[in-house]
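Note that this note's numbering has the sequence shown beginning at 782, numbered continuously upward. Glycine residues also receive a C-beta, built at the ideal position from the N, C-alpha and C atoms.
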Amino acid sequence: MHAAIIGGAGRMGSWFTRYFLRRGYRVTISDVRVDRAEEVARILGAKLAKNNIEAAKAADIILISTPINVIPSVIAEIMPELERGKIIAEISSVKGGIIPSLREAARCGVSVLSLHPLFGPGAQDMEGERIALIPVSDRLFEEELAKKIFPEAELIIVDEEAHDRAMALILSLTHFINIVFASIVGEEDIGALKNLGGTTFTLQLLLSEGVMAEDPAIYASIQMDNKYTIRYLERFMSRAEDLKRIISDRSLEGFVEFYRAAQNLLGRDEDFANAYERMYRALRAAQIHPSSSHNPNL
């Protein structure tokens, strides 16, 4: 079997290059970052194509690991060169603008998979990792195909709307909070803050620095290409203004009421009772394994 990774010079593209090579696939990569792609191909032992079409024509499965907003154009670029029965898979974290292009490809006789790996490039292998599968045209066929290609992974089936709505919270809102936090903390003496910081601050800083270590174009795409992002950001800003007003008014009663309401909502999570202990364990794990790679799609 022959796999092509379009966007193979990126961190997740490189991860999937290694994945397929380990499983005996021949792998060809393409990427607009030619110098980086040459280095990745040399180090991993993959073939480097001159362009996306060259990579796709020779492959049985084409995995697209590019920024979200260019995936439809990549599909349109390679489709005229693909024979029936070939497989196109994409691994974006926002699906709304991509599913129509995949459906069109499916109508032309190409097998399609819309996937969202719920792990980062620091994962050692696929064993035990989760992948979200968003059905495109034939759920049962696509589920079986994904299991065949990624047999070690746990598949989570979720429709396009539910996926993107969830990602607006899981990714867009979380990244937004961390970017704003970084813009404030970065203006201060971070060394002094770290010396005085406890568990909560240390974990928050770690999360924020992980977010800020990535390519801003990736985060912009996650924010701007998800139609549900603004809805949740507006709710967040409204709640933040409410809490700010309570604090400004020095209303102890209002603060306790706001806090208890949020506490009761989180109390529906069965893991909430031992949240503080889990926070300490997370901090200890981060201190032991500081080099674990962050994935912007998580």
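query, result
"From this set, Leu921, Arg1020, Ala1001 and Tyr1061, which residue's C-alpha is nearest Ser953's C-alpha?", "Ala1001"
"Quick check: what's the CA-CA separation for Ile849 versus Ile1003?", "8 Å"
"As a quick exercise: from Leu883, Ile930, Arg817 and Gly903, pick the residue whose alpha carbon is nearest that of Ser895.", "Leu883"
"Where Cys889 and Ile856 are concerned, what is the direct C-alpha to C-alpha distance, given to the nearest angstrom?", "12 Å"
"Provide the residue span of the beta strand (DSSP E) that contains Ile852, from first to last.", "Careful: Ile852 lies outside any beta strand (DSSP E), inside the alpha helix (DSSP H) at Ile852 to Ile859."
"Kindly identify the DSSP beta-bridge partner or partners of Leu914.", "Leu896 and Ile938"
"On the criterion of 16 or more Cβ atoms from any shown chain inside 10 Å, does Met793 qualify as buried, or is it exposed?", "buried"
"Compute the Euclidean distance between the alpha carbons of Ser811 and Met1018, then round it to the nearest angstrom.", "41 Å"
"Can at least three beta-carbon pairs, one atom from the stretch 935-943 and one from the stretch 911-924, be found at a separation below 8 Å?", "yes"
"Going by C-alpha to C-alpha distance, which of Gly991, Pro853 and Ile834 sits closest to Ala886?", "Pro853"
"Excluding sequence positions up to five away, which residues of its chain have a Cβ less than 8 Å from the Cβ of His956?", "Val992, Tyr1000, Ile1003, Gln1004 and Pro1077"
"Report yes or no: do the stretch 838-849 and the stretch 868-875 share at least 3 C-beta pairs separated by less than 8 Å?", "yes"
"Does the Cβ-Cβ distance between Gly788 and Ser846 come in under 8 Å?", "yes"
"Applying the 10 Å Cβ sphere with the 16-neighbour rule, what's the burial state of Asn1007?", "buried"
"When you compare only the Cα positions, how much space is there between Glu1034 and Leu1047?", "20 Å"
"Which residue marks the beginning of the beta strand (DSSP E) containing Leu954, and which one marks its end?", "Segment: none, Leu954 is in no beta strand (DSSP E) and carries neither H nor E."
"Kindly list the residues whose CB is nearer than 6 Å to the CB of Ala827, restricted to its own chain and excluding five residues on each side of it in sequence; keep chain order.", "Thr798, Val808 and Ile810"
"Cα separation between Phe1036 and His897?", "39 Å"
"Touching or not, the stretch 977-986 and the stretch 916-933, by the rule of three or more beta carbon pairs under 8 Å?", "no"
"Taking the beta carbon of Ser1072 as the centre, do at least 16 other beta carbons fall within 10 Å, making it buried, or is it exposed?", "Any reading at Ser1072 is ruled out, since the residue's pLDDT is 46, under 50, leaving its predicted position unreliable."
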